[in-house]
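Q: Chains S and X supply the protein sequences, listed in that same order. So the mapping is simple: my numbering equals the position in the first sequence, first residue as 1, plus 6. So the mapping is simple: my numbering equals the position in the second sequence, first residue as 1, plus 6.
There are 2 protein chains.
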Amino acid sequence: MTDLAPRPGGWGSYSSPAPAPDRPAQHHPEAVSFAAGRPFEGFLDPGLTEQYLRSYRRRLADRLADASAVRLSVPQYGRAMGIIHELVAEHLWADEGIAVDPDAVVVTAGCQEARYLTLRALRRTDRDVLLAVAPSYRGLDAAARLAELRVLPVRDAAAGLDLADLVAQVRRARAEGLRPRACYLVPDCVNPAGAVLDGAARLELLRLADEHDFLLIEDSPYELVGDRDGTGPAALKALDGHRRVIHLGSFARAGAPGARVGYAVADQCPAEPATGRPEPLAELLRRIKRAVTVDTAPSAQAVIGGKLLHHNFRLRAARQGETRARQDNLRLLRQGLTDRFAGTTGIGWQIPDGGFLCRLDVPFAAGEELLAHCARTHRVLWTPVHPFYAGAEPRPQLRLSVGRLEQEELLEGLDRLAEFVHAQL
Amino acid sequence: MTDLAPRPGGWGSYSSPAPAPDRPAQHHPEAVSFAAGRPFEGFLDPGLTEQYLRSYRRRLADRLADASAVRLSVPQYGRAMGIIHELVAEHLWADEGIAVDPDAVVVTAGCQEARYLTLRALRRTDRDVLLAVAPSYRGLDAAARLAELRVLPVRDAAAGLDLADLVAQVRRARAEGLRPRACYLVPDCVNPAGAVLDGAARLELLRLADEHDFLLIEDSPYELVGDRDGTGPAALKALDGHRRVIHLGSFARAGAPGARVGYAVADQCPAEPATGRPEPLAELLRRIKRAVTVDTAPSAQAVIGGKLLHHNFRLRAARQGETRARQDNLRLLRQGLTDRFAGTTGIGWQIPDGGFLCRLDVPFAAGEELLAHCARTHRVLWTPVHPFYAGAEPRPQLRLSVGRLEQEELLEGLDRLAEFVHAQL
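(1) Buried or exposed: where does Asp334/X fall if 16 or more other Cβ atoms within 10 Å of its Cβ makes it buried?
(2) Taking CB distances under 7 Å as the criterion, tell me whether Leu152/X reaches chain S.
(3) Report buried or exposed for Gln413/X, applying the criterion of at least 16 other Cβ atoms within 10 angstroms of its Cβ.
(4) Contact criterion: CB-CB distance below 7 Å. Does Arg266/S meet it with respect to chain X?
(5) Which partner residues of Trp355/X appear in the DSSP bridge assignment?
(6) Considering only the beta carbon of each residue, do Val139/X and Asp109/X sit closer than 7 Å?
(7) Can you tell me whether Asp132/S is buried or exposed, with buried defined as 16 or more other CB within 10 angstroms of its CB?
(8) So, is the C-beta of Gly354/X closer than 7 Å to a C-beta in chain S?
(9) Near Glu374/S, which residues of its chain fall below 7 Å by C-beta distance, leaving aside the five closest residues on each side in sequence?
(10) What distance in whole Å lies between the Cβ atoms of Cys364/X and Leu387/X, which are believed to be in contact at a cut-off of 8 Å?
(11) Can you tell which of Ala115/X, Ala105/X and Trp99/X has its C-alpha closest to the C-alpha of Ile6/X?
(12) For Asp225/X and Ala127/X, I'd like the C-alpha separation in whole angstroms.
(13) For Phe426/X, which residues in the same chain have their Cβ closer than 7 Å to its Cβ, ignoring the five residues on either side in sequence?
(14) From Leu431/X to Gly419/X, what does the alpha carbon distance come to, in whole angstroms?
(15) Quick check on the DSSP output: the alpha helix (DSSP H) that includes Ile90/S runs from which residue to which?
(16) Assign Gly360/S to buried or exposed, taking buried as 16 or more other Cβ atoms, counted over all protein chains shown, within 10 Å of its Cβ.
(17) Given that a residue counts as buried once 16 or more other Cβ atoms are within 10 Å of its Cβ, and exposed if not, what is His253/X?
(18) By the criterion of Cβ-Cβ separation under 7 Å, what are the contact partners of Leu366/X in chain S?
(19) DSSP state of Arg422/X, grouped into three classes?
(20) Would Tyr432/X pass as an interface residue toward chain S - the criterion being a Cβ-Cβ separation below 7 Å?
(21) Who are the neighbours of Gly116/X on chain S, taking C-beta pairs under 7 Å?
(22) Name the DSSP beta bridge partners of Leu291/S, please?
(23) Quick check on DSSP: helix, strand or coil for Asp107/S?
(24) My output table needs one value for His428/S: the three-state DSSP class, helix, strand or coil.
(25) Quick check on the burial criterion: 16 or more other C-beta atoms within 10 angstroms. Buried or exposed for Thr1/S?
(26) From Ala378/X to Leu411/X, what distance separates their C-alpha atoms?
(27) Using a Cβ-Cβ cutoff of less than 6 Å, which residues in the same chain neighbour Glu415/X once the five nearest sequence positions on both sides are dropped?
(28) Assign His428/X to buried or exposed, taking buried as 16 or more other Cβ atoms, counted over all protein chains shown, within 10 Å of its Cβ.
(29) Identify the contact partners of Leu191/X in chain S, using a Cβ-Cβ distance below 7 Å as the criterion.
(30) Expressed to the nearest angstrom, what Euclidean distance is found between the alpha-carbon atoms of Glu278/S and Phe40/X?
(31) Could you tell me which uninterrupted beta strand (DSSP E) segments, each at least 3 residues in length, are contained entirely in the region 112-196 of chain X, listed from first to last along the chain?
(32) State the Cα-Cα distance for the pair Glu210/X and Leu146/X, rounded to the nearest angstrom.
(33) Using 10 angstroms around the beta-carbon of Thr5/S, count the other beta-carbons present and answer buried if the total reaches 16, otherwise exposed.
(34) Rank Glu92/S, Leu417/S and Leu366/S by C-alpha distance to the C-alpha of Arg401/S and give the top, closest one.
(35) What did DSSP end up calling Glu414/S once you bin it into helix, strand or coil?
(36) If distances are taken between C-alpha atoms only, which option among Glu119/X, Arg213/X, Glu154/X and Arg130/X comes closest to Ala280/X?
Here you go:
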């Protein structure tokens with residue numbers, strides 16, 4: 007029984023999965039910010055909204071004879087399944103190599119709804135539990151609290167996830183009479199650490215899910231900023247031979263966060279306890295969705311659908327410029343940290359090949375107070391990571407985001423950061 | 007503990023609050039449909055979407071000096087509160103005479119999310135219960151199941167709600183150690199019966215809420231099709247002197263269902279159990295919303311915001327033509343039923359002054375099977391009402407919707423309906 011009233015460690019301490027980390031920037035406009043949780047804004051263009059809406063209606067016009075059906079299809083109610091589930095499925099194949107039945111795609115009001123629907127569907131009794139690598143995306147913690155699904159933390163590792171600890175947690179849970187339903191993780195550019203689960207670990211994880219009979223929830227909010235030009239590891243769902251993976255995605259990082267469109271790919275078909283009859287998990291998600299938001303704004307879906315059509319389903323290719331800019335920043339950061347901290351005791355960093363979130367290890371606890379001091383005195387912003395470990399103490403770690411920095415800005419920010427860090431040693 | 011797996015009377019029997027009643031129309035395109043759960047479609051115009059988006063951006067441009075802020079405010083993330091809460095508050099004052107602090111307005115992903123957030127917030131322990139007039143909107147039943155909030159039915163009456171039974175239910179619940187948190191009702195054009203709670207009953211209801219200390223959840227999905235030209239009764243929230251009313255609204259009936267924008271007005275500030283500190287209910291709703299959808303698609307909010315600005319916040323005036331057409335249909339139906347059924351034993355009807363949903367009482371049980379037969383044989387569609395009474399048997403009642411019928415169509419439909427009804431007598 008969860009009391010939704012704020013209480014220590016409860017909803018009171020709950021903070022929004024929306025980009026709260028940006029707030030200090032408002033108080034220190036002159037500071038260089040490594041704290042942005044959002045992608046580049048320079049690539050967002052409201053003018054495109056109208057263009058995409060037209061593309062989507064053209065597609066409908068080609069498909070439907072009845073003109074009035076076209077006129078109505080956007081403004082009228084959609085279906086809980088979504089009106090662009092087929093387009094999303096084509097996109098997943100084109101960009102991710104994920105082959106999926108469009109009917110298994112549930113279009114949601116942003117990826118957070120996909121998380122909530124999935125967790126709520128998995129929680130059937132008080133004995134059901136979720137495994138999640140700590141630190142986890144804060145939206146996961148929020149959805150789990152609301153779904154009243156207990157979360158058992160799994161240790162993270164440089165590789166992104168400690169597989170031995172995962173198996174140990176599953177065994178311990180079962181020994182306690184609990185039912186580990188699934189393991190949640192963000193295989194690409196794990197927030198906040200930025201670790202990427204390598205190909206071998208992904209295959210081993212799938213094998214373990216089979217062997218120990220649990221599902222995997224692959225959350226890829228950054229899928230489209232990840233470096234999947236063919237060199238990076240494939241999505242878990244693309245390697246999923248036994249339907250162990252529920253894949254959650256978002257178009258928030260695809261240059262259209264204003265549309266709030268995400269999706270869940272759930273092609274599992276578990277036996278339904280009451281009757282033993284197999285029931286598509288996607289159907290269960292839709293049933294729950296109808297109780298929460300009925301359907302996802304067709305107008306917003308149309309914008310995304312139009313964008314997918316406009317780029318022939320290949321958003322990755324459409325965003326090469328942005329990806330390259332981000333990778334230049336990652337390289338610049340790697341070199342810049344080496345120049346400034348190489349050989350300094352207690353200083354280390356982890357910089358992924360994709361995304362825009364990195365980790366800086368320091369020999370002191372880095373919490374909000376120190377951040378405020380740093381912003382005032384050194385005019386540079388970063389993100390404390392302890393909020394990602396629900397309700398823990400400040401940790402000796404900084405999250406650095408290079409998603410929104412020009413190169414000169416980034417270098418200036420690194421000088422200020424070095425000044426700040428050295429002042430703490 | 008609710009098991010989300012389908013089971014008799016459980017999620018399995020749950021049907022979508024989306025306009026499922028329309029489905030038979032797909033199988034009988036030649037039939038006249040009194041079954042539409044939606045408003046006129048002739049008034050929906052996708053072309054307006056672009057226009058409204060421009061209006062909204064103009065407003066931002068007037069307000070914000072920084073042009074880039076304008077460019078970003080639509081596509082970037084919004085706030086859980088919503089980006090148009092002030093516009094919604096102005097609209098509520100202009101059209102409904104509801105004076106409310108904009109901060110008490112929580113913009114939601116359609117009215118269904120407002121229902122779910124409210125019920126989830128009210129359910130703090132297993133002893134919390136909700137009172138709801140039966141029949142209720144099916145979306146309420148769905149939200150209550152998902153929130154695991156027990157619903158105690160209150161008898162309905164010609165006036166829309168049996169106040170004596172309401173008090174009796176509250177007393178009985180308390181005697182059983184339960185906590186009646188609120189009473190849910192749709193005061194205008196109650197679905198499916200179409201009853202409108204009169205002014206005196208509204209004042210008495212507010213008095214009872216004070217005397218017996220419970221809240222009222224005023225759901226007005228039809229507020230904008232209701233006949234509130236000054237002659238109809240005011241919204242409960244407009245009469246709410248002691249902050250007893252949580253007001254739920256939607257723009258789905260305002261000609262923009264594709265936008266999926268609704269809202270909850272929650273200006274209560276209950277003492278928060280853990281600390282005894284008063285906490286704005288709107289804040290609690292926002293906290294829960296962050297776990298479900300984070301925020302409502304800013305792009306969709308912008309469309310609605312633009313529409314509100316375009317019409318100087320007065321959607322009622324903007325829709326006079328539609329309202330008049332609907333009222334002509336209601337008059338035509340009243341006359342048409344009198345002509346065909348006056349004096350026929352066991353036949354009665356209830357036709358409201360506003361909205362587009364009416365009730366026809368018949369001396370036989372009217373369920374899906376009979377509807378199918380009627381569609382095949384008499385080529386006219388209507389809606390069985392028993393689904394509105396969760397899981398009950400077919401009832402001697404038909405719901406008639408005149409929201410989408412041309413006058414000739416309506417008359418032809420009435421002839422077929424009379425033929426059908428007389429064939430059952």
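For each residue, glycine too, the CB sits at the ideal point set by N, CA and C. Keep in mind it's a predicted model, so treat the numbers as computed, not measured.
A: Concretely, from the data shown:
(1) The residue in question, Asp334/X, is exposed, as its Cβ has fewer than 16 Cβ neighbours within 10 Å.
(2) yes
(3) Gln413/X is classed as exposed because its beta carbon has fewer than 16 other beta carbons within 10 Å across all chains shown.
(4) For Arg266/S, the answer is yes, since a Cβ of chain X falls inside 7 Å of its Cβ.
(5) DSSP output for Trp355/X lists Leu366/X as bridge partner(s).
(6) no
(7) exposed
(8) no
(9) Pro390
(10) About 14 Å separates the two Cβ atoms, so there is no contact after all.
(11) Residue numbering for chain X in the displayed model covers 7 to 431; residue 6/X lies beyond these limits and cannot be assessed.
(12) The C-alpha of Ala127/X is placed about 16 Å away from the C-alpha of Asp225/X.
(13) Closer than 7 Å at the Cβ level, and outside the excluded window around Phe426/X, lie Cys380, His384 and Val386.
(14) 19 Å
(15) That residue, Ile90/S, is in no alpha helix (DSSP H); it is neither H nor E in DSSP.
(16) Buried, because 16 or more other Cβ atoms sit within 10 Å of the Cβ of Gly360/S.
(17) buried
(18) Correct list: empty, because the minimum Cβ distance to chain S is about 25 Å.
(19) helix
(20) Only positions 7 to 431 of chain X appear in the structure, and residue 432/X is not among them; the question remains open.
(21) Thr299 and Val300
(22) DSSP, once it has assigned bridges, lists no residue as partnering Leu291/S.
(23) Reduced to three states, the DSSP call for Asp107/S is coil.
(24) helix
(25) Any question about residue 1/S goes unanswered here, given that chain S covers just 7 to 431.
(26) 20 Å
(27) Correct list, in chain order: Val38.
(28) Counting C-beta atoms within 10 angstroms of its own C-beta, His428/X has fewer than 16 neighbours from the protein chains shown and is therefore classed as exposed.
(29) Those within 7 Å of Leu191/X in chain S number zero; the least Cβ separation is about 19 Å.
(30) 37 Å
(31) 134-140, 156-161 and 185-191
(32) 24 Å
(33) This structure does not reach residue 5/S, given that chain S is present from 7 up to 431, and the question cannot be answered.
(34) Taking the Cα of Arg401/S as reference, the smallest distance to any Cα among Glu92/S, Leu417/S and Leu366/S is reached at Leu366/S.
(35) helix
(36) Arg130/X
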